[in-house]
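These notes are about the structure you will find just below.
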Amino acid sequence: MSRSCELTGKAVMSGNNVSHANNKTRRRFLPNLVQVTLISEAMNQSVRLRISANALRSVEHRGGLDAFLAKADASELSPKARLLKKQIAKKTAEQTESAAA
Numbered sequence: 001m002s003r004s005c006e007l008t009g010k011a012v013m014s015g016n017n018v019s020h021a022n023n024k025t026r027r028r029f030l031p032n033l034v035q036v037t038l039i040s041e042a043m044n045q046s047v048r049l050r051i052s053a054n055a056l057r058s059v060e061h062r063g064g065l066d067a068f069l070a071k072a073d074a075s076e077l078s079p080k081a082r083l084l085k086k087q088i089a090k091k092t093a094e095q096t097e098s099a100a101a
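Okay, structure coming up:
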């Protein structure tokens with residue numbers, strides 16, 4: 001399992017530890033990943049994702065998983081999240097079509 005966020009694409013970065021004597025040794029900056037269960041209102045089911053804490057704040061700010069994925073760029077999403085985005089778009093299209101008819 002890679003250490004990257006499934007929604008934002010945030011991943012491991014590398015850099016240096018710098019001592020008081022200015023010695024530099026390589027280190028890794030790991031993203032703050034959490035395993036969460038988010039609920040899709042359009043599909044009426046829960047989805048388990050491994051996302052960063054920052055992405056979780058963004059999902060809440062945008063008004064839920066469906067709204068976040070609608071605005072998200074597909075190139076940053078994981079394959080699982082891309083599939084979810086397509087399914088949600090299809091469901092919302094069906095719901096608006098049936099409401100108009």
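Mapped onto this note's numbering, the consecutive letters of the sequence shown carry residue numbers 1 to 101.
From the three backbone atoms N, C-alpha and C, an ideal C-beta is built for every residue, glycine too.
Since the model is a prediction, treat every value here as computed from it, not as a measurement.
| Asked | Found |
| --- | --- |
| May I have a chain-ordered list of the beta strand (DSSP E) segments no shorter than 3 residues that lie completely inside the segment 31-87? | 33-40, 45-52 |
| Are the segment 27-45 and the segment 62-75 touching, with three or more C-beta to C-beta distances below 8 Å? | yes |
| To the nearest angstrom, report how far apart V103 and L30 are at their CA atoms. | One cannot answer for residue 103 here, as it falls past the ends of the chain, which runs 1 to 101. |
| Report the rounded CA-to-CA distance for A72 versus N23, giving the unit in angstroms. | 41 Å |
| Put T8 into one of helix, strand or coil per three-state DSSP. | coil |
| If you compare alpha carbons, which of K86, E76, A89 is closest to L7? | E76 |
| Quick check on this structure: which residue in P79, E97, S52 has the alpha carbon closest to the alpha carbon of Q35? | S52 |
| On the three-state DSSP scale, how would you describe S98? | helix |
| With 16 other CB atoms within 10 Å as the buried threshold, where does A55 fall? | buried |
| For S46, I'd like the list of residues in its chain whose CB is within less than 6 Å of its CB, leaving aside the five on either flank, ordered along the chain. | T37, I39 |
| Whole angstroms are fine: how far does the CA of R27 sit from the CA of A81? | 29 Å |
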